[in-house]
Structure formats: C-alpha cells, structure tokens
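Student: First the structure, then my questions, so here it is.
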Amino acid sequence: MIRGSLAIAFVANVSERVPAARVVIPFSSPRDDRFIMSDAVIHRRTLIVVNDQGLHFRPCQMIAVAAQQHPGSVILSRGSIRADAKSLLELLTLVAEKESVLELEVIGDHGDELAGKMSELFSSGFEVSHPPV
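Our numbering runs 695 ahead of the 1-based position in the sequence shown.
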C-alpha cells in the first residue's frame with residue numbers, strides 16, 4: 696500500500712518512463728491509493744479573448760455546446776481558475792474580459808479537431824456567419 700509522500704515519488708518515477716501522451720490519473724478507494732495509467736492524448740492551446748464584452752453568456756454557451764460534442768475532458772483555465780468547458784456556469788466563473796489569456800486542454804481522441812474549433816471561435820470573437828438569405 697502506498698501512502699502520502701511515497702505516492703508522489705511513485706508517480707514521478709512512473710511519469711518519467713511513460714511517453715508524454717500518457718496521463719497518470721489518481722484513483723482513491725477506502726483501502727488504498729492507486730494510480731490508473733491512461734493513453735489519453737492531451738491537446739493544449741493558448742486562446743485570447745478578442746471580443747469587447749469578454750466571455751459573457753452567449754460566448755460561454757457556444758463554448759459549452761462545442762465542448763459537449765467531445766467525449767473526453769475539456770478544461771479552460773485563466774491563471775489558477777479552472778473550468779469544465781462543458782459547463783456554462785463554470786465557464787462564467789472564469790470572468791474572462793477582453794484580452795484575457797486562457798489555456799485550453801482537451802483530453803481524448805480527436806481533441807485536435809475541437810481545439811481547432813475553439814481557436815476559430817475565439818479568433819472570430821464568437822461571431823457566427825449566417826449565409827445570405
């Protein structure tokens with residue numbers, strides 16, 4: 696059974712031997728501490744809020760809808776504040792104003808597609824182009 700600081704040393708040693716794409720996920724149980732190895736790929740992007748109003752309700756809703764289409768984990772963070780991008784309320788807690796720098800982390804297969812879509816949303820200022828009528 697591994698406890699306390701020994702668990703941290705164990706994770707550090709394992710992490711050194713696995714490819715960068717591997718993730719160590721802590722799993723707690725009443726009996727002991729275990730670590731699950733996952734082959735999940737992490738896609739990261741740095742995004743800048745360019746629209747004048749920042750991330751208000753409508754842009755957060757657009758982000759959440761896009762993130763909900765991805766089966767893996769999607770996290771947006773501003774500094775030490777992290778939000779599940781699938782949750783509209785958590786996104787609003789980022790309080791991201793114009794020119795805020797956010798870090799996007801998409802875990803799972805085809806995460807690069809979602810990261811690209813998020814980059815497009817941010818760079819367009821969350822403007823939706825409608826076809827001419």
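Using N, Cα and C, we set each Cβ at its ideal position, and we do this for glycine too.
#1: With a threshold of 16 other CB atoms inside 10 Å of the CB of residue 774, please say whether the residue is buried or exposed.
#2: Roughly how many angstroms separate the alpha carbons of residue 766 and residue 742, rounded to a whole number?
#3: Please classify residue 751: is it buried, with 16 or more other beta-carbons within 10 angstroms of its beta-carbon, or exposed?
#4: Going by beta carbon distance, what residues of the same chain come within less than 8 Å of residue 816, once the five residues before and after it are set aside?
#5: Along the chain, where does the alpha helix (DSSP H) that runs through residue 807 open and close?
#6: Let me know if residue 805 comes out buried or exposed under the rule of 16 or more other beta-carbons within 10 Å of its beta-carbon.
#7: Would you tell me roughly how many angstroms separate the C-alpha atoms of residue 717 and residue 736, rounded to the nearest one?
#8: Would you say residue 775 touches the ligand MG, meaning its beta carbon is less than 8 Å from a heavy atom?
#9: By DSSP, does residue 800 sit in helix, in strand, or in coil?
#10: Suppose you measure from the CA of residue 782 to the CA of residue 772; what does that come to, to the nearest Å?
#11: Please classify residue 802: is it buried, with 16 or more other beta-carbons within 10 angstroms of its beta-carbon, or exposed?
Tutor: Looking at the atomic coordinates:
#1: To locate residue 774, count along the sequence shown from 1; it is residue 79. Label assigned to residue 774: exposed.
#2: Translated into the one-based positions of the sequence shown, residue 766 becomes position 71. Translated into the one-based positions of the sequence shown, residue 742 becomes position 47. Going from the Cα of residue 766 to the Cα of residue 742 covers about 21 Å.
#3: Residue numbering aside, residue 751 sits at position 56 when the sequence shown is read from its first letter. Exposure of residue 751 is indicated by the presence of fewer than 16 other C-beta atoms within 10 angstroms of its C-beta.
#4: Taking the sequence shown and counting its residues from 1, the one referred to as residue 816 is at position 121. Within its own chain, the residues whose Cβ lies closer than 8 Å to the Cβ of residue 816, once the five positions on either side in sequence are excluded, are 754, 757, 758 and 761, listed in chain order.
#5: By one-based count along the sequence shown, residue 807 stands at place 112. Start and end: 806-818.
#6: The sequence position of residue 805 within the sequence shown is 110, counting from 1. The residue is exposed, with fewer than 16 neighbouring Cβ atoms inside 10 Å.
#7: Indexing the sequence shown from 1 puts residue 717 at position 22. Indexing the sequence shown from 1 puts residue 736 at position 41. Bear in mind that a pLDDT of 45 at residue 717, under 50, signals an unreliable position, so the number given afterwards is only what the model happens to contain. Roughly 7 Å separates the two Cα atoms.
#8: Among the ligands in the structure shown, none appear at all, so the ligand MG cannot be discussed.
#9: Working through the sequence shown from its first residue, we reach residue 800 at position 105. In the structure shown, residue 800 sits in a strand (DSSP, three-state: E or B).
#10: Counting from one through the sequence shown, the residue named residue 782 turns up at place 87. Counting from one through the sequence shown, the residue named residue 772 turns up at place 77. When rounded, the distance between both Cα atoms is 13 Å.
#11: Residue numbering aside, residue 802 sits at position 107 when the sequence shown is read from its first letter. With 16 or more other Cβ atoms within 10 Å, it is buried.
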